[in-house]
């Protein structure tokens, strides 16, 4: 930066420049607000004339000679009298013609992401790449603080005229500029100070009142605690015929292309989030006065468009609503967006942009304003800027073609997901162009080909196993290998072969038949885990009946209630449990613990695949359990899928771990007995510790286990802690019932690389499991941050659907519906509930789907990811939250064994997140605070629970799932004390500054800056005051990362601990709305040593008169 004689002019920055300066203080060296242009110039270019032309424009426009510095924590414009902006030429003539485009793009990307120093400037740079005498690339990058999109048109237009003038050796014919950007900033400050925009502020308060603070698009990665602004770009081109159709639709509806394209974009967001109240940001020109149209500077303002899709409008109706919203916003667009944010005071949240996180705009395409004689100018694509201010932005470039340019946060999204979003946008555009009167919920999100692909991947019904019954499968296995071991009792060490088990179960069937049981009947079974229980189940099936397993550990009243509801014909019971049965109940048939010496022959009965195999009761949302009717067809199909998935053979030994009244027991029993493998009944004492469990598995030769996820987590934790390893013979571990975590999977992968770990998903209503995912094992890739539940098993169809029962694109969260061979009949004696949950399929006449109530989405590899329950979402301070996300993050902390997060009502009438934590070891003091702080490093603040309760053990159901209904009530919150006084010199210094800036009487070490009313602009004042006393090492980011006074004070430079702070320095008076002299500016600058060149310039020009032009008048003020 070079200076000529003349005054250095300093003025308050505009509101927009305030925001950009503040961001630079928060993120120094971040090129997020760089505005970049890369132009390929083919033809006889005069490089000297281009450099002269650009310098001519710089000399005309003060904005291009401006830097931003701070006076007492407030940004000021420093306008240099002259700034040299050279355009050096880089010789790249050695680059082959085929590589020039790539080289230009790479150089342009580097140019675009190189940060500016706002204090030293200049805030633009220019470079020319020379590939040949007639082939150049011009790289021009400016900081947004001095340029916007409109300015680019002005700049290129003036460069064109100045270039021609230089070539023709004449003065450039450019109009005089009656105003400069600094005059606009003064006018803006005047209007704001005089309340001239108060009506607009009231409008925005009313318009945005109650809007959700976060639009939670489905992401590929968890949202980080702090926004990194790391991003990428992706483009797509809209076919010309579709682009023309959209323009014609806009014309017919008396809407602009922007309104039409925005309304279609809102449909995409609505369908991907399920939200019908959307806030989307867009940019407006900000040049409401004619005098500003020829200026270069940062005039652009941002407005938040709140779009209403409630009530299922047609697209035509939505477009009418959007037209009103856009027109309304444009008539209230003078108020700087920063003022709106400050007035609304949204929760301070560093993980996302305030008010809106999705941006949309329409821009003119091409470089129409740049016309150099004899030279053809074209864009150089720059797709590697690597930054993104928002979660997701789409710019529609409307030029020779209609291009969609998406900028997205790579912390959240993958390129594949963004490509699908753009494809969905094009599908919606095609849908609205063809059918504008179609409801927005019925518009396509996919092309027909993509929809067909999604449906085909979700539907594996054609791969179903041949229809069979469990009795047929067992009989075939027994006939193949009658002397092979079928059943081993770990408690007694006794083994029964297939012939013995067949005879024993045949005897039970004969006795049931003699007791009047006929095909289609229901028979209950009350037995503990034993060979007799397995023989009893098989006997019930061979009698043609379905079995109803009862829990011997249940209270007698529960057993009586289930028997009354189900009405079984007979109860098969082991003699020791007979007293648990109610008097006057069904007939009782005792089954002895050992086979009979002479077994009766089983009856000749006909059983079909659609006959019932069992009835299992599951909990109901109303508290009344419901009996699920499961036919042979579904269980037999799963048995075949299980055998294929795990490579089950007759040599395997499968552990029977789960109690019989849960359908996981069917997963253990029937694939094993259908294969001819050996079922190993576990002993009760073998599961006490991981060491005992794995020792027993090794001794018993167990090769396959099916475990509740919670118990699997216990095993992993104990193995890691005690240095244990699973036995080499254990080759398959299948888990299910609850979600696991990537951390647990990674540990298991290290402990047992030889063993396959499988994740099973499926409600009881879909016959055991309907999806299976391999999580680790030989040849299985590592699991990332998302744990899959797998693709559908053979014979099953698993659809992810929207509210209209239409398939959603990959990556979009939808409701899980299951069909296929595994579907249950329904619920015993509950026709209304059956009709509610088993609904007609939209994909086949006469087909049914089970509405699971679960949420899932399809991952890029085609597998499904479980995303929680439809009814588990909660809303906290406007945020839609899935507590499972918080639970998953908590369980990654090494101190946490299990965690449950729920929404609890508060005395204020709203809700807060409350965390129940079961620690790995005995609780220690302040564990909840430490966990809260640790969680704050992993999750956004709105996802960190405000209430905590550390418990010795979380309550569990009989299936070892966490019993959320039995969670203890949180203890009452004690009355808040007045709080301690600041304890250290650093805390006293910070407390004094906070009191001055916030206007409060006192603060304590536990107070939070933002809870006391602080915001970003006040934070800059705090830092400025502390820097005057402690030096430049006080960082603005510290206020945001450490808002609690004690933590912030502890992070201050050592000088803060030297002793009691002195009196606060008097803030220098700043005459309102005039250009300050260099002396005044220098006196107020903090951290001036960082830019000696600027300080020297100020010293050289101090005392010169400063000229201010406002509202077209000139006057000189002596400083």
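In the UniProt record's numbering, the protein residues as written are 1 to 1119.
A virtual CB, placed ideally from N, CA and C, is assigned to each residue, including glycine.
About 14 Å separates the beta carbon of residue 640 from that of residue 677, a gap too long to meet the 8 Å contact definition. Here the segment 172-190 does not lie against the segment 774-790, with fewer than 3 beta-carbon pairs under 8 Å apart.
Assignment of residue 631 by DSSP, reduced to helix, strand and coil, places it in the strand class.
If you check the CB distance, residue 304 and residue 387 do not come in under 8 Å. With distances taken between CA atoms, residue 847 lies nearest to 820 out of 486, 525, 820, 137.
Contact between the segment 584-594 and the segment 790-802 is absent: fewer than three C-beta pairs spanning the two stretches fall below 8 Å. The beta carbon of residue 869 sits closer than 7 Å to those of 853, 854, 855, all from its chain and outside the five residues before and after it, given in chain order. By the C-beta criterion, the segment 254-269 is judged to be in contact with the segment 426-439, since at least 3 inter-stretch pairs fall below 8 Å.
Residue 607 is bridged by DSSP to nothing; it lacks a bridge partner. The beta carbon of residue 420 sits closer than 7 Å to those of 809, 810, 811, all from its chain and outside the five residues before and after it, given in chain order. About 4 Å separates the CB atoms of residue 734 and residue 758; that is less than 8 Å, so the two are in contact.
According to the DSSP assignment, residue 52 belongs to the alpha helix (DSSP H) that extends over 47-60. Within the model, the alpha-carbon separation for residue 321 versus residue 310 is close to 11 Å.
Close CB contacts of residue 1010 within its chain, under the 6 Å cut and outside five residues either way in sequence, are with 348, 1043 (chain order). Taking C-beta atoms under 8 Å as the contact rule, residue 997 and residue 1018 qualify, at a distance of about 5 Å. Under the DSSP assignment, residue 238 falls outside any alpha helix (DSSP H), being part of the beta strand (DSSP E) whose first and last residues are 231-238.
The alpha-carbon separation between residue 867 and residue 636 amounts to approximately 29 Å.
Within the same chain, and ignoring the five residues on either side of residue 401 in sequence, the residues whose Cβ sits closer than 8 Å to its Cβ are 237, 238, 240, 243, 365. Residue range 556-566 is occupied by the alpha helix (DSSP H) that includes residue 565, with no beta strand (DSSP E) assigned at that position. One thing to note: residue 944 has its Cβ within 8 Å of the Cβ of residue 935. If the five residues before and after residue 460 are omitted, its C-beta is found closer than 8 Å to the C-beta atoms of 791, 792, 793, 794, 795, 796, 797, 820, all from its own chain and listed in chain order. The Cβ-Cβ distance between residue 784 and residue 742 falls below 8 Å.
Residue pairing for residue 961: DSSP places it in no beta bridge. Looking at 43, 42, 23, the one whose alpha-carbon comes closest to that of residue 34 is 23.
Counting only runs of at least 4 residues, the segment 504-564 fully encloses the following alpha helix (DSSP H) elements, listed from N- to C-terminal order: 531-542. Under the three-state reduction of DSSP output, residue 866 falls in the strand class. The beta carbon of residue 29 sits closer than 8 Å to those of 115, all from its chain and outside the five residues before and after it, given in chain order. The residues 713, 716, in chain order, have a CB closer than 7 Å to that of residue 744 in the same chain once the five nearest residues on each side in sequence are set aside. Contact between the segment 58-69 and the segment 283-303 is present: 3 or more CB-CB pairs across the two stretches fall below 8 Å. Cβ neighbours of residue 657 within its own chain (closer than 7 Å, five residues either side excluded): 668, 682, 705, 706, 707.
Within 10 angstroms of the beta-carbon of residue 36 lie 16 or more other beta-carbons, which makes it buried. With a cutoff of 8 Å on beta-carbon distance, residue 602 and residue 510 are scored as near each other. When the Cα atoms are used, residue 749 and residue 894 turn out to be separated by approximately 18 Å. Across the structure, residue 679 and residue 598 are spaced so that their CA atoms are roughly 24 Å apart.
Per DSSP, residue 77 is one residue of the beta strand (DSSP E) stretching across 74-79. Residue 606 is classed as exposed because its beta carbon has fewer than 16 other beta carbons within 10 Å across all chains shown.
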